[in-house]
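Undergrad: This is the structure I have questions about; it appears just below.
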Amino acid sequence: MKQSEGVERMIGADLRAFIESALDRQFISAEDVRLLQTDILSTGLSCKAQAEALLALDRAVPSDASWEPVLTSLVVDFVVQSRGAAGMVEHDDALWLATVLDVGGPTRTAMGIAYAVLDRSLHVGAALLDFIMRGRHLERQQGIAA
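Just so we're aligned: 20 in our numbering is position 20 of the sequence shown, and the numbers increase by one with no gaps anywhere.
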């Protein structure tokens with residue numbers, strides 16, 4: 001099996017094509033965002049690999065202003081509602097999310113996602129709280145965090 005076939009199985013052919021197109025153009029347009037919402041991920045994220053792929057794309061290319069709120073909503077809904085008990089972000093999911101958000105250091109989008117998860121959750125694992133605290137510390141130093 002080729003690596004690209006494995007990626008398609010994990011994230012789906014349509015999402016893979018979306019990501020490749022944005023990478024080729026070096027931009028995520030408003031039309032891309034609309035397509036992602038209405039056609040490709042109309043029911044939300046279905047696995048961690050999809051979230052990881054979109055977060056990597058977010059770090060790789062500039063985007064239209066409509067991208068960040070849509071990405072945030074997709075990831076937050078997946079983490080808070082789709083994993084385990086609704087509103088409970090347990091240790092394993094908090095650690096996974098904090099690790100993925102911290103790749104290359106916290107960005108505004110990553111911090112926005114972390115804060116949104118915190119706002120929508122009844123309980124959040126310590127790893128995500130630690131990520132938020134480190135991001136706040138960086139904000140004081142560099143003006144990065146939300």
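For each residue, glycine too, the CB sits at the ideal point set by N, CA and C.
In whole angstroms, what is the alpha-carbon distance linking Leu129 and Gly104?
TA: On the sequence shown, residue 129 is found 129 positions in, with the first residue counted as 1. On the sequence shown, residue 104 is found 104 positions in, with the first residue counted as 1. Leu129 and Gly104: Cα-Cα distance of roughly 18 Å.
Undergrad: Whose CA, out of His137, Arg108, Asp77, Ala127, lies closest to the CA of Ala51?
TA: Indexing the sequence shown from 1 puts residue 51 at position 51. Out of His137, Arg108, Asp77, Ala127, Asp77 has the C-alpha closest to the C-alpha of Ala51.
Undergrad: Just reading off the alpha helix (DSSP H) that Glu139 is part of, what are its end residues?
TA: Within the sequence shown, the letter at position 139 stands for residue 139. Element bounds for Glu139: 126–142.
Undergrad: Does the stretch 79–92 come within contact of the stretch 52–63, defined as at least 3 CB pairs closer than 8 Å?
TA: no
Undergrad: Are the Cβ atoms of Ala49 and Leu23 separated by less than 8 Å?
TA: The residue given as residue 49 occupies position 49 in the sequence shown. The residue given as residue 23 occupies position 23 in the sequence shown. It is not a contact, given that the beta carbons lie outside the stated cut-off.
Undergrad: Let me know the secondary structure DSSP gives Ile11 once reduced to three states.
TA: Counting from 1 along the sequence shown, the entry for residue 11 is found at position 11. Helix, per DSSP.
Undergrad: Just the Cα atoms here: how many angstroms apart are Ser121 and Gly84?
TA: Position 121 of the sequence shown holds residue 121. Position 84 of the sequence shown holds residue 84. In this model, Ser121 and Gly84 are separated by some 12 Å (Cα to Cα).
Undergrad: The alpha helix (DSSP H) that contains Glu90, what's its start and end?
TA: As a working note, residue 90 is residue 90 in the sequence shown. Neither: Glu90 is in no alpha helix (DSSP H) and is coded neither H nor E.
Undergrad: Where does Ser63 fall in DSSP's three states?
TA: Counting from one through the sequence shown, the residue named residue 63 turns up at place 63. Three-state result, Ser63: strand.
Undergrad: Whose C-alpha, out of Leu35, Ser73, Ser82, is nearest the C-alpha of Ala110?
TA: For the purposes of this step, residue 110 is taken as residue 110 along the sequence shown, with counting starting at 1. With distances taken between Cα atoms, Ala110 lies closest to Ser73.
Undergrad: Is it buried or exposed, Ser82, if we count other Cβ atoms within 10 angstroms and call 16 or more buried?
TA: The residue you call residue 82 lines up with position 82 of the sequence shown. By the 10 Å Cβ count, Ser82 comes out exposed.
Undergrad: What is the residue span of the alpha helix (DSSP H) that Leu35 lies within?
TA: Counting from one through the sequence shown, the residue named residue 35 turns up at place 35. Residues 30–35.
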